[in-house]
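J.: In our numbering, the protein residues as written are 6 to 279.
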Amino acid sequence: MPELPEVETVRRGLLERLPGRRFVEVERVEPFMLPGGAEPGLLREALPGRLVEDVRRHGKFLTLVLSDDAYLMLHLGMTGQVTLTSSDAALPKHGRFAFLLEGEQPRRLLFRDMRKFGGVELTFGRPTRRLEGLGPDALEGEWTHDGLGRMLAGRTTPLKAFLLDQRRLAGIGNIYADEILWAAQLSPLRPAGGLSEEEVVRLAAEIRGRLAEGVRLRGCSISDFVDAEGRPGGFQQALQAYGRQGEPCARCGRPLNRAVVAGRGTAYCAACQS
DNA sequence: CCCAAGTCCTGGTTGC
DNA sequence: TGCAACCAGGACTTGG
């Protein structure tokens, strides 16, 4: 599942090779993956000729900053893959978008997505409004543990549901939520507003710590994540909680529990996460 | 048939 | 009473 570290890994791969390249052609558009009735012809019309100037990320959203004040948002959803490959291979199954870029060696920016949870949006003048509702980036945002404490204060929602809420901190999904809570020794079921100051400090440290480790290992390929070159990441080997229900806790040896929190499968140690 | 999960949407509840 | 904030749960998707 592409979460912040996976999207950051893709961003770094694209940043190495995209800036300065120019779009020349839209080879494929899946109209139903565009937001609310957007016109697929708009991409074909407005993308060719534009240069890529920068590749940014906020939470799980990627934004290609294009020339003449245009922005191409990419969201990987649950199974999305964004790769930069040779332009002569056949378009693969589940290839939803394909954009041709000029250069001595032409390249194809390809968006594959088996499920259709991902999306692409081209906007002008400013990035997609979907970014406006997001909280600070969970890894690189300007928040502090004091700020986190204020965000948590008074909330009765389970801690895990809070971590998954992109309006509070942006970028944490189901895998890293379980890993962060395991590392911070906090129960996913705890009411978010009930943490002590010491616990908030621990939580803040593990949010940044686990996400940074995910980035260092180039993402988590538990199912089908690959980077911009098509290579899997390594964080799946570092998982301590996610998907390990029934297995012994690496800290205390008791079997990990399973619960459903915020509609998501949740693995945690009922003995040493409190 | 159920499960996986990111985001959006709806409807109910709470508190000022 | 009115309204916003908050929270829970469903819809969407397709392969295992």
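In this text, a Cβ means the ideal position worked out from N, Cα and C, and glycines have one as well.
Among Ala-272, Leu-200, Lys-121, which one has its Cα closest to the Cα of Glu-184?
T.: The candidate whose alpha carbon is nearest that of Glu-184 is Ala-272.
J.: For the structure I just gave you, are there three or more beta carbon pairs, one from the stretch 86-104 and one from the stretch 29-43, closer than 8 Å?
T.: Judged by Cβ distances under 8 Å, the stretch 86-104 makes contact with the stretch 29-43, as three or more pairs qualify.
J.: Expressed to the nearest angstrom, what Euclidean distance is found between the alpha-carbon atoms of His-63 and Ser-279?
T.: Each residue's Cα considered, the two are about 31 Å apart.
J.: So Cys-225 packs on Gly-238, CB below 8 Å; how close in whole Å?
T.: About 6 Å; that satisfies the 8 Å criterion.
J.: Taking the beta carbon of Thr-14 as the centre, do at least 16 other beta carbons fall within 10 Å, making it buried, or is it exposed?
T.: So Thr-14 ends up on the buried side.
J.: Could you spell out where the beta strand (DSSP E) holding Phe-309 opens and where it closes?
T.: Any property of residue 309 remains undetermined from this structure, which presents the chain solely from 6 to 279.
J.: Checking 8 Å against the spacing of the C-beta atoms, do Gly-108 and Phe-116 come in under that value?
T.: Cβ atoms of Gly-108 and Phe-116: not closer than 8 Å.
J.: Roughly how many angstroms separate the alpha carbons of Gln-242 and Glu-50, rounded to a whole number?
T.: Whole-angstrom Cα-Cα distance: 44 Å.
J.: Quick one: residues in its chain with C-beta nearer than 7 Å to the C-beta of Ala-217, no 5 flanking neighbours on either side, listed in chain order?
T.: Closer than 7 Å at the Cβ level, and outside the excluded window around Ala-217, lie Leu-144.
J.: From Leu-222 to Phe-240, what does the alpha carbon distance come to, in whole angstroms?
T.: Approximately 5 Å, taken between the alpha carbons.
J.: Taking the alpha carbon of Gly-54 as the reference point, which residue from Asp-74, Pro-40, Val-206, Gly-18 has its own alpha carbon closest?
T.: Here the closest residue by C-alpha is Asp-74.
J.: Identify, in the order they occur along the chain, each residue of the same chain with its Cβ nearer than 6 Å to the Cβ of Leu-20, setting aside the five sequence neighbours on each side.
T.: So the list reads Val-60, once near-sequence residues are dropped.
J.: Express the C-alpha separation of Gly-251 and Phe-66 in angstroms, rounding to a whole number.
T.: Roughly 33 Å separates the two Cα atoms.
J.: Along the beta strand (DSSP E) that carries Leu-157, what are the first and last residues, could you check?
T.: Note, Leu-157: premise wrong, no beta strand (DSSP E); alpha helix (DSSP H) at 150-157.
J.: Between the stretch 257-274 and the stretch 199-209, are three or more C-beta pairs nearer than 8 Å?
T.: The stretch 257-274, when compared against the stretch 199-209, does not touch it at the 8 Å Cβ threshold.
J.: Taking Leu-244 and Leu-208 to be in contact with their CB atoms under 8 Å, please state how far apart those CB atoms are, rounded to whole angstroms.
T.: Wrong, their Cβ atoms sit about 19 Å apart, outside the cutoff.
J.: Report all residues from its chain with a CB closer than 7 Å to the CB of Gln-171; omit the five preceding and five following residues, and keep chain order.
T.: Correct list, in chain order: Gly-64, Leu-139, Gly-140.
J.: Please go through the same chain and pick out, in chain order, the residues whose beta-carbon is closer than 6 Å to the beta-carbon of Val-220, but skip the five residues on each side of it.
T.: Hits under 6 Å: Pro-10, Glu-13.
J.: For the putative contact between Glu-8 and Gly-214, defined by C-beta atoms under 8 Å, what is the C-beta separation to the nearest angstrom?
T.: Their Cβ separation, rounded to whole angstroms, is 15 Å, which puts Glu-8 and Gly-214 out of contact at 8 Å.
J.: If I'm right that Val-266 touches Ala-166 with Cβ under 8 Å, what's the distance once you round it to whole angstroms?
T.: So it is a contact: roughly 6 Å between Cβ atoms.
J.: Could you round the C-beta distance between Leu-79 and Val-87 to whole angstroms and report it? I think they count as a contact, below 8 Å.
T.: About 6 Å separates the two Cβ atoms, so the contact holds.
J.: For Arg-112, tell me which candidate among Thr-90, Ala-95, Lys-121 has the shortest Cα-Cα distance.
T.: Ranking the options by Cα distance to Arg-112, first place goes to Thr-90.
J.: Where does the unbroken beta strand (DSSP E) through Asp-73 begin, and where does it stop?
T.: Where Asp-73 is concerned, there is no enclosing beta strand (DSSP E), given that its DSSP letter is neither H nor E.
J.: Under three-state DSSP, which class holds Arg-17?
T.: Arg-17 falls in the helix class under three-state DSSP.
J.: Around the Cβ of Gly-85, are there at least 16 other Cβ atoms within 10 angstroms (buried) or fewer (exposed)?
T.: Answer is buried; the Cβ neighbour count reaches 16.
J.: When you compare each of Gly-235, Arg-27, Ser-228, Asp-93 to Arg-120 by their alpha carbons, which one comes out closest?
T.: With distances taken between Cα atoms, Arg-120 lies closest to Ser-228.
J.: Are the beta-carbon atoms of Leu-56 and Gly-25 separated by less than 8 Å?
T.: Against a cut-off of 8 Å, the Cβ pair of Gly-25 and Leu-56 comes out as a contact.
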